[in-house]
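All remarks here apply to the structure that follows.
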Amino acid sequence: MSDNRAEDLFFEADQMIEENQIVEAKERLYDLLEEFPDYGRAHNHLGWLYNLKFNNYPKAKKHLELAIKFAPDYHAAYSNYSYLLIDMNLNDEMITFGNKVITSSVVDKSTIYNKMGQAFELKKDLMNAHKHYKLAIGETLNNKTLDSIYASVTRVKRKMSLMQRLKLINQ
């Protein structure tokens, strides 16, 4: 099978996902991986499917980790993995992952900082949550995302004590 064939199969699976043919897309992705086990983008799509469509976190995690390993320049895998870590309540792992990949030129820094902010917020570390949400704001160009992150900043401020809010003024 040629690289072109692998890309064709991947495109077909991607189209099936767009058309909500989820089971068929999953089968096509597995067909692709049977002959190209290191095709990272296929692992990304399987990870996304297992997280959002099949609610199978262990399989999602395995495939997204393989996606990052085999396709380190494929930006979607980093974002999808970040969403999964938050979904799995693996907050410490999200923070470690974020710190590791944030300097990479291929990651969506806004998404990574936002997910780190969520991880800190879920850990009740509101000062770090606020800091990371602010970093996410500085990295986004999407108005809808910006509105969502601003809502997170407001929510975190509401959760803070008076002393914590006063500390923000001095920063």
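In short: position in the sequence shown from 1, add 446, done, that's our numbering. For every residue, glycine included, the Cβ atom is placed at its ideal position computed from N, Cα and C.
- Residue burial annotation: residue 515 is exposed, with fewer than 16 other C-beta atoms found within 10 angstroms of its C-beta.
- 496 is the residue among 546, 616, 496 whose C-alpha sits nearest the C-alpha of residue 533.
- Of the candidates 535, 480, 521, the residue whose Cα lies closest to the Cα of residue 570 is 535.
- The alpha-carbon separation between residue 555 and residue 477 amounts to approximately 33 Å.
- The three-state reading of DSSP puts residue 482 in coil, since its state is none of H, G, I, E or B.
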